[in-house]
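Engineer: I have a structure here, written as structure tokens, and I will follow up with some questions on it.
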Amino acid sequence: MSEFDHYLHGVLMRAAEEARAEGSATVEAHHMLLALAAGGDPVLAAAGLDHAAVRGALDQEFAHSLAAAGVTMPSGPPRSAPAAGPPRSAPAAGTPSLGATAKAALDRAIGRAPRKKDIRPGHVLLGILLAEVGTVPRALALAGADRHALIERLP
Amino acid sequence: MSPVEISAQGEVADRLAAVGALRRLADQLEDAAVEEAMRAGWGWPQVAEALGVTRQAVYKKHAKRLIAAGVALRRRSG
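Going down the list, the protein sequences come from chains A and B. Read in order, the letters of the first sequence correspond to residues 0 to 154 in numbering that gives the first Met the number 0. Read in order, the letters of the second sequence correspond to residues 0 to 77 in numbering that gives the first Met the number 0.
Laid out in structure tokens, this is it:
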């Protein structure tokens with residue numbers, strides 16, 4: 000296993016934990032972003048995006064998107080507010096599969112490396128950040144993070 | 000044709016994101032409600048009928064998670 004394969008495996012394992020904790024049957028790009036933040040990714044850390052900050056931004060995006068459909072969650076998402084609102088449920092069992100947004104992020108990561116052997120850890124974050132629409136860019140915008148400035152710091 | 004403005008923000012993006020968020024919310028509410036019912040002693044047939052899905056569907060979606068969480072389940076036929 001190459002150094003990059005080892006790195007990617009670690010990221011995906013941590014992302015699967017994030018997906019399970021959220022009750023999601025699939026690993027999505029935002030779970031990968033949480034995994035990178037939890038691992039202390041230097042580019043995210045320099046922008047003040049640690050795990051708590053990314054989690055907060057994602058929760059905000061969730062509430063904001065629900066509000067667009069006229070749905071409000073007075074106590075926030077059930078996962079983050081077990082004491083109030085709908086009861087918290089046990090995490091999903093087994094290993095969540097790779098979802099559409101995670102696959103798209105990985106495809107972009109691979110596409111950005113000139114050759115397969117040139118792929119580096121930074122390409123993974125780049126693949127996630129290059130999504131123009133969807134949960135990740137929405138959450139970053141709500142957190143006041145400059146996605147394009149982050150992209151410029153990557154390979 | 001004028002160039003199309005595609006953005007992660009704005010009304011169109013909000014409405015699309017709302018659909019995804021509602022699906023996630025429905026999944027979270029289903030997980031919690033099914034678990035609550037099974038902990039309260041409901042059987043699979045009642046939970047399935049209350050949700051409006053087949054017994055097979057509800058079992059397939061939730062049994063593994065609830066067993067892993069140590070929820071005492073009634074017999075599947077019960």
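C-beta atoms are modelled at their ideal positions from N, C-alpha and C, and glycine is treated no differently.
Report the option in A:Ser23, A:Gly9, A:Ala24, A:Arg152 whose CA atom is closest to the CA atom of Leu128 of chain A.
Structural biologist: Here residue 128 of chain A is taken as the residue at index 129 of the first sequence, counted from 1. When only C-alpha atoms are compared, the closest one is A:Arg152.
Engineer: Could you please tell me which residues of the stretch 136-151 of chain A, in chain order, have their CB closer than 8 Å to any CB of chain B?
Structural biologist: Cβ contacts with chain B come from Pro136, Arg137, Ala140.
Engineer: Identify each residue in the stretch 3-17 of chain B for which the Cβ-Cβ distance to at least one residue of chain A is less than 9 Å, and report them in chain order.
Structural biologist: Ile5, Ser6, Ala7, Gln8, Glu10, Ala12, Asp13, Arg14, Leu15, Ala16, Ala17
Engineer: Name the chain A residues whose beta carbon is nearer than 9 Å to that of Arg73 of chain B?
Structural biologist: By one-based count along the second sequence, residue 73 of chain B stands at place 74. In chain order: nothing, as chain A lies at least about 17 Å away.
Engineer: For Leu11 of chain A, would you say it is in contact with chain B, using Cβ-to-Cβ distances shorter than 8 Å as the test?
Structural biologist: If you number the first sequence from 1, residue 11 of chain A lands on position 12. Leu11 of chain A does not count as touching chain B.
Engineer: Tell me whether the beta-carbon of Leu48 of chain A lies closer than 8 Å to the beta-carbon of Ala37 of chain A.
Structural biologist: Within the first sequence, numbered from 1, the residue matching residue 48 of chain A stands at position 49. Within the first sequence, numbered from 1, the residue matching residue 37 of chain A stands at position 38. Their beta carbons are not under 8 Å apart, which means Leu48 of chain A does not touch Ala37 of chain A by this criterion.
Engineer: Pairing CB atoms from the stretch 20-36 of chain B with CB atoms from the stretch 12-29 of chain A, are three or more of them under 8 Å?
Structural biologist: Yes, since at least three Cβ pairs between the stretch 20-36 of chain B and the stretch 12-29 of chain A fall closer than 8 Å, the two stretches touch.
Engineer: Secondary structure at Thr100 of chain A, three-state DSSP: helix, strand or coil?
Structural biologist: Taking the first sequence and counting its residues from 1, one reaches residue 100 of chain A at position 101. Here Thr100 of chain A carries a helix assignment [DSSP, helix/strand/coil].
Engineer: Please list the partners that Lys63 of chain B has in chain A, where partner means a Cβ-to-Cβ separation under 7 Å.
Structural biologist: As a working mapping, residue 63 of chain B is identified with position 64 in the second sequence. Under the 7 Å cutoff, chain A gives Ala92, Gly93.
Engineer: List the residues of chain A whose Cβ lies closer than 9 Å to the Cβ of Gly19 of chain B, in chain order.
Structural biologist: Residue numbering aside, residue 19 of chain B sits at position 20 when the second sequence is read from its first letter. Within 9 Å of the CB of Gly19 of chain B, the CB atoms of chain A belong to Ser64, Gly133, Thr134, in sequence order along the chain.
Engineer: Would you report the Cα separation of Arg56 of chain B and Glu10 of chain B, rounded to the nearest angstrom?
Structural biologist: Along the second sequence, read from residue 1 onward, the residue named residue 56 of chain B stands at position 57. Along the second sequence, read from residue 1 onward, the residue named residue 10 of chain B stands at position 11. Note that residue 56 of chain B is Ala in the sequence shown, not Arg. Inter-residue distance for Ala56 of chain B and Glu10 of chain B is about 35 Å (C-alpha atoms, whole angstroms).
Engineer: Mark Ile66 of chain B as exposed unless 16 or more other C-beta atoms lie within 10 angstroms of its C-beta, in which case mark it buried.
Structural biologist: Looking up residue 66 of chain B in the second sequence gives position 67. Classification of Ile66 of chain B: exposed, given that the 10 Å Cβ count is below 16.
Engineer: Would you identify the three-state DSSP class for Val26 of chain A, choosing helix, strand or coil?
Structural biologist: For the purposes of this step, residue 26 of chain A is identified with residue 27 of the first sequence, where counting begins at 1. The answer is strand: DSSP assigns Val26 of chain A an E or B state.
Engineer: With distances taken between CB atoms, is the gap from Ala67 of chain A to Arg14 of chain B smaller than 8 Å?
Structural biologist: Within the first sequence, the letter at position 68 stands for residue 67 of chain A. Within the second sequence, the letter at position 15 stands for residue 14 of chain B. Yes, these two residues count as a Cβ contact at 8 Å.
Engineer: With three or more beta-carbon pairs closer than 8 Å as the criterion, would you say the stretch 131-143 of chain A touches the stretch 107-119 of chain A?
Structural biologist: Flag = no, the stretch 131-143 of chain A and the stretch 107-119 of chain A do not touch.
Engineer: Below 7 Å on C-beta distance, what does Ala67 of chain A contact in chain B?
Structural biologist: For the purposes of this step, residue 67 of chain A is taken as residue 68 along the first sequence, with counting starting at 1. Simply Asp13, Arg14, Ala16, Ala17.
Engineer: Return the residues of the stretch 9-33 of chain A that lie within a Cβ-Cβ distance of less than 7 Å from chain B, sorted by chain order.
Structural biologist: Cβ contacts with chain B: Gly22.
Engineer: Determine, using beta carbons only, whether Leu24 of chain B comes closer than 8 Å to chain A.
Structural biologist: As a working mapping, residue 24 of chain B is identified with position 25 in the second sequence. Yes, Leu24 of chain B lies at the interface with chain A (some Cβ there is under 8 Å from its Cβ).
Engineer: Would you say Val53 of chain A reaches chain B, if we count a Cβ-Cβ gap shorter than 8 Å as a contact?
Structural biologist: As a first step, residue 53 of chain A must be located in the first sequence, where it is residue number 54. By this cut-off, Val53 of chain A is not an interface position.
Engineer: With 16 as the cutoff for other CB atoms within 10 Å, does Pro95 of chain A come out buried or exposed?
Structural biologist: In the first sequence, the residue the question calls residue 95 of chain A occupies position 96. Under this definition Pro95 of chain A is a buried residue.
Engineer: Which bits of chain A does Glu34 of chain B rub up against, with CB to CB less than 7 Å?
Structural biologist: Against the second sequence, residue 34 of chain B aligns to sequence position 35. Ordered by position in chain A, the residues that pass the 7 Å Cβ test against Glu34 of chain B are Ser88, Ala89.
Engineer: Count the other CB atoms within 10 Å of the CB of Met12 of chain A; is the residue buried (16 or more) or exposed (fewer)?
Structural biologist: Sequence index remark: in the first sequence, residue 12 of chain A carries index 13 (1-based). Exposed is the call here.
Engineer: Can you list, in chain order, the residues of its chain whose CB lies under 8 Å from that of Ile150 of chain A, leaving out five sequence neighbours each side?
Structural biologist: The sequence position of residue 150 of chain A within the first sequence is 151, counting from 1. Leu125, Leu128, Leu129.
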